[in-house]
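Notes follow the structure.
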Amino acid sequence: MVEASETETARALLRWYAEMGVDEAVGSAPADLYSWARTDPAAAPRIENMRRAERPAEPLPAAEPETVSTDEAIKAAEAAAAACDSFEALEAAVKAFEGCSLKAGTKNTVFADGVPGADLLVIGEAPGRDEDRLGKPFVGRAGQLLDRMLAAIGRDRASNTLISNVIFWRPPANRTPTALETAVCRPFVDRLIELTDPKAVLIAGGAPLQALLGVTGIMRARGVWREIETAGGKRYPALPTYHPAFLLRQPAGKRLAWADLQSLDAKLKDH
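The sequence shown maps to residues 60 to 330 in my numbering.
Written as structure tokens, this is what we have:
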């Protein structure tokens, strides 16, 4: 028997591999591909690319959040408010202002409702859910009670009253505005008072009492006439009273609130 040469044997094996569909040569033992770079310098770039592909992608560095300090926000509010020479310009400036963090979580800027230039300006605390939805202050249950209170002394927002708040955006869960939030909005409130030039300001609640007069304790402060001094140095008579939302929870306070309204009515008629 004639033995086949090694060459013929190898060729026969290759033909058999091809007929069986083999299209890739794999060794019987694992190959260290990275060792190729040590024996074949031309393979080094290819091996490095393989290494890079196997590494997990490094996360991009997190972008630093753009933060504005409270001082910067107050200065921006002061500049924006000072540049306004009309009620309409001030309203537009407040709506365009981005320095209060509350704005990002609200539907609407709630600036004011009523008659600009009316002799009575009512300033409350902050918008609630209904106010945020409709974009007007005092339109929920507390607002409806306020309307009835004003009507008792011949006042309404359609003809002789302007209504606003010390904060123009709803705080989360209707919480009380912080001192920093009211400080950021204060330049706009001051400018609103100056531009509308009311004969009297009715301060509704403890939060605006502290924000505008620096006084705490609405129980003691209500019914006592004081003065608001704006950033421009102007002074306006102001009367603190209970917030209508408080009166909904504590109806017994309506008697004292009625006394405050009578005092307000007398002050407005004296002018």
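Here a beta-carbon is modelled for each residue, glycine too, at the ideal position from N, C-alpha and C. No experiment lies behind these values; they were computed from the predicted model shown.
Counting only residues of its own chain and dropping the five nearest sequence neighbours on each side, GLU190 has a CB closer than 6 Å to the CB of VAL169, PRO196 and VAL198.
Of the residues assessed, ARG74 falls on the exposed side of the cut-off, its CB having fewer than 16 other CB atoms within 10 angstroms. In the three-state DSSP reduction, VAL260 falls in the strand class (E or B).
The region 219 to 230 and the region 155 to 175 touch, with three or more beta-carbon pairs separated by less than 8 Å.
Going by beta carbons, LEU205 and ILE252 fall outside the 8 Å limit.
Under the DSSP assignment, PRO303 falls outside any beta strand (DSSP E), being part of the alpha helix (DSSP H) whose first and last residues are 303 to 308.
Residue nearest to GLY164 within the set ALA266, LEU320, ASN233 and GLY273 is ASN233 (criterion: CA-CA distance). When DSSP states are grouped into helix, strand and coil, ALA297 belongs to the strand group. CA-CA distance, ASP144 to ARG250, rounds to 9 Å.
Ranked by how close their Cα comes to the Cα of PHE305, the residues ALA316, ALA139 and TYR295 have ALA316 in first place.
Cα atoms of THR237 and ARG279: separation of roughly 21 Å, rounded to the nearest angstrom.
Scanning its chain for C-beta atoms nearer than 6 Å, with the 5 sequence neighbours on each side dropped, one finds around GLY312 the residues TYR301 and LEU306, in chain order. A Cβ-Cβ separation of about 6 Å places LEU261 in contact with LEU298 under the 8 Å criterion.
Secondary structure at ILE252: helix, using DSSP grouped into helix, strand and coil.
Taking C-beta separations shorter than 8 Å and ignoring five residues to either side along the sequence, the partners of ASP178 in its chain run ASN219, PRO257, LYS258, ALA259, LEU327 and HIS330, following chain order. Nearest neighbour of PHE247 by Cα position, chosen from ALA266, LEU271 and ARG70, turns out to be LEU271.
Taking the Cα of ASN224 as reference, the smallest distance to any Cα among GLY213, ASP215 and CYS244 is reached at CYS244. Annotation: GLN203 to PHE156 spans about 29 Å, alpha carbon to alpha carbon. Judged by DSSP secondary structure, GLY265 falls within the alpha helix (DSSP H) whose first and last residues are 265 to 272. One alpha carbon belongs to ALA135, the other to ARG314, and they sit about 42 Å apart. In this model, ASP172 and ASP324 are separated by some 20 Å (Cα to Cα).
Rounded to the nearest whole angstrom, the C-alpha separation of GLU184 and GLY194 is 15 Å.
About 6 Å separates the CB atoms of THR235 and ALA266; that is less than 8 Å, so the two are in contact.
Counting C-beta atoms within 10 angstroms of its own C-beta, VAL283 has fewer than 16 neighbours from the protein chains shown and is therefore classed as exposed.
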